[in-house]
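Peer 1:
Residue numbers (the numbering used here): 24 to 277.
1. Can you check whether the CB of residue 207 is closer than 8 Å to the CB of residue 180?
2. Would you identify the three-state DSSP class for residue 240, choosing helix, strand or coil?
3. Does residue 109 pass the burial test, meaning 16 or more other C-beta atoms within 10 Å, or should it be called exposed?
4. Whole angstroms is fine: what's the gap from residue 243's alpha carbon to residue 137's?
5. What three-state label does DSSP hand residue 266 in the structure shown?
6. Just verifying my parser: in three-state terms, what is the DSSP assignment at residue 197?
7. Alpha carbon to alpha carbon, what distance is there between residue 121 and residue 129?
8. Does DSSP classify residue 225 as helix, strand or coil?
9. Alpha carbon to alpha carbon, how far is residue 119 from residue 103? Give it in angstroms, no decimals.
10. Below 6 Å CB to CB, which residues in the same chain sit around residue 205 once its five sequence neighbours on both sides are set aside?
11. Using beta-carbon positions only, say whether residue 238 and residue 255 come within less than 8 Å of one another.
12. Residues in its own chain within less than 7 Å of residue 83 by CB, not counting five upstream and five downstream?
13. Among the candidates 141, 111 and 125, whose CA atom is the shortest distance from the CA of residue 90?
Encoded structure:
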């Protein structure tokens, strides 16, 4: 019985993890692209080798590209943005790859292409893109956290932890990063530190229901039932009809 309670709890936390990462970190709403990917615990994706993304380990400087090619690439990137706005993901991917063939130093094209691969669940390709970005740009925390997400989705938890920590070192103002790191460390069995990171996320956004629910589930799973009950009671005061809070309340009655 306890085994299945813990598995259910991890599944719930995993779904919240991805939803909040996309909404808070990248502004992507969870929808049809992710409706089939609700169980994220140690999720691995079988996909072709990502070596077909033909870029060097270090992204070349845009200064080495001719002005004509750079201008053509910019046009393609803008067209890709329009495709993304219309939900034409595959067409946007095609435009961005064409842009990179003209200007291999177009950083924004790499970033947008990486986001597309995250949305398409092609996490190996997203990893390839963001490894190149973090090698080239050392100061953008979103590149590090995007790489962390791609690694997490492939079950590469230790590496994912490393890159989320690097993202937080660059920018510790986003609660979502602490929440994501907490989920990863929980799956690694590093419960004390995972709990501290989750508490930090709740402190930063004390009325975030998903963070509160995750903390209540965490308390329950590690046997801190009085703390879990108290927190669920507080959640139900904020959102009386919350289904997940009611489910947790029923579990604790059992």
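Just so you know, even glycine gets a beta-carbon here, dropped at the ideal spot from N, CA and C.
Peer 2: According to the structure data:
1. Counting from 1 along the chain shown, the entry for residue 180 is found at position 157. Counting from 1 along the chain shown, the entry for residue 207 is found at position 184. It is a contact, given that the beta carbons lie within the stated cut-off.
2. The sequence position of residue 240 within the chain shown is 217, counting from 1. Looking at residue 240 - three-state DSSP - the assignment turns out to be helix.
3. Position 86 of the chain shown, counted from the first residue, corresponds to residue 109. By the neighbour-count rule (16 or more Cβ atoms within 10 Å), residue 109 is not buried but exposed.
4. Reading the chain shown from its first residue, position 220 is the one you call residue 243. Reading the chain shown from its first residue, position 114 is the one you call residue 137. Answer to the nearest angstrom: the Cα atoms are 36 Å apart.
5. The sequence position of residue 266 within the chain shown is 243, counting from 1. Residue state, collapsed to three classes: helix.
6. The count along the chain shown starts at 1 and reaches residue 197 at position 174. Correct three-state label for residue 197: coil.
7. For the purposes of this step, residue 129 is identified with residue 106 of the chain shown, where counting begins at 1. For the purposes of this step, residue 121 is identified with residue 98 of the chain shown, where counting begins at 1. Approximately 11 Å between the Cα atoms of the pair.
8. Numbered from its first residue, the chain shown carries residue 225 at position 202. Residue 225 falls in the helix class under three-state DSSP.
9. Position 80 of the chain shown holds residue 103. Position 96 of the chain shown holds residue 119. Going by the C-alpha atoms only, they are around 6 Å apart.
10. The residue labelled residue 205 in the question sits at position 182 within the chain shown. Cβ within range, chain order: 217, 220 and 221.
11. By one-based count along the chain shown, residue 238 stands at place 215. By one-based count along the chain shown, residue 255 stands at place 232. Not closer than 8 Å, so no.
12. Position 60 of the chain shown, counting from 1, holds the residue named residue 83. Contacts found: 127 and 128.
13. Within the chain shown, the letter at position 67 stands for residue 90. Minimum Cα distance to residue 90 is reached at 125.
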